[in-house]
Amino acid sequence: MIEPKQYREAMARYAGHVQVVTTAAGGKRRGVTVTAACSVSDDPATVLVCLNRSNPKNQIFLDSGAFALNTLASDQQNVASAFSGEFGMDEDERFEEGDWDTIESGAPTLRGATVTFDCRLSDYTTLGTHMVLFGEVVGLRMGDHRAALLYMNRGYHHL
Ligand SMILES: Cc1cc2nc3c(=O)[nH]c(=O)nc-3n(C[C@H](O)[C@H](O)[C@H](O)COP(=O)(O)O)c2cc1C
1 MIEPKQYREA
11 MARYAGHVQV
21 VTTAAGGKRR
31 GVTVTAACSV
41 SDDPATVLVC
51 LNRSNPKNQI
61 FLDSGAFALN
71 TLASDQQNVA
81 SAFSGEFGMD
91 EDERFEEGDW
101 DTIESGAPTL
111 RGATVTFDCR
121 LSDYTTLGTH
131 MVLFGEVVGL
141 RMGDHRAALL
151 YMNRGYHHL
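So the sequence shown is residues 1 to 159, counted in the UniProt record's numbering.
In structure tokens form, the structure reads like this:
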């Protein structure tokens, strides 16, 4: 058996593109900074994102039936920090970082992201500590080619 602490130490050596996954329901918005998100399929175009299910605030992602995966550029570290809770902001204050609109699903989408995948929640499952959300991409916004914001060795890096 691999201990959770040892596993987390191993994953700290793994470089991940920093993204903010967002949703909205019942007049509330939520966003979470993630690296556990990737492509699943190109037909139908589908992504997945893994969210900690011990956090009751993540229930809104299941209730809304939609999410947007906003992929961050190197100059958007302030957005990543806000949505990871680092600044201690409440949900609405976090959305004051960056410029937000919507495309198709109603989930908040970040202008200036390198790319945004706007998704309908097509399936989900739970595994251990996390829920895995599958999103069929119903809207796409491709930004300019810019340097990416990565997270590795417990710090932000640019690529
Ligand atoms: C770089 C980075 C990557 C993260 N990746 C994930 C992730 O993939 N899944 C997840 O559930 N939380 C992830 N987190 C933690 C969440 O961002 C954080 O727990 C959450 O935003 C706290 O929300 P709250 O303050 O509203 O409870 C990550 C945090 C950082 C800084």
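Where a beta carbon is used, it is the ideal one built from N, C-alpha and C, also for glycine.
The model shown is predicted, which means the values in this text are computed figures rather than measured ones.
Using the rule of at least 16 other Cβ atoms within 10 Å of the residue's Cβ for burial, across every protein chain shown, is residue i buried or exposed?
| i | result |
| --- | --- |
| residue 110 | buried |
| residue 118 | buried |
| residue 129 | exposed |
| residue 125 | exposed |
| residue 151 | buried |
| residue 12 | exposed |
Closest to residue i by C-alpha separation, out of the options, would be which residue?
| i | options | result |
| --- | --- | --- |
| residue 102 | 139, 151, 157, 62 | 139 |
| residue 100 | 17, 22, 13, 3 | 22 |
| residue 133 | 89, 18, 69, 2 | 69 |
| residue 155 | 3, 87, 16 | 16 |
| residue 81 | 108, 121, 149, 57 | 149 |
| residue 61 | 144, 2, 131 | 131 |
In whole angstroms, give me the CA-to-CA distance for residue i and residue j.
| i | j | result |
| --- | --- | --- |
| residue 43 | residue 63 | 25 Å |
| residue 20 | residue 52 | 14 Å |
| residue 112 | residue 72 | 8 Å |
| residue 45 | residue 92 | 30 Å |
| residue 96 | residue 34 | 19 Å |
| residue 141 | residue 104 | 11 Å |
| residue 38 | residue 47 | 6 Å |
| residue 135 | residue 153 | 28 Å |
| residue 159 | residue 146 | 9 Å |
Would you say the beta carbon of residue i is closer than 7 Å to some non-hydrogen atom of ligand 2?
| i | result |
| --- | --- |
| residue 78 | Although ligand 2 was asked about, the structure shown includes only ligand 1 as ligands. |
query: Where the beta carbon is closer than 6 Å to any heavy atom of ligand 1, which residues qualify, in chain order?
result: The answer, residue by residue, is 18, 32, 33, 34, 35, 36, 50, 51, 52, 55, 57, 83, 84, 85, 151.
So, do the stretch 64-81 and the stretch 2-9 have three or more beta carbon pairs nearer to each other than 8 Å?
The stretch 64-81 vs the stretch 2-9: no contact.
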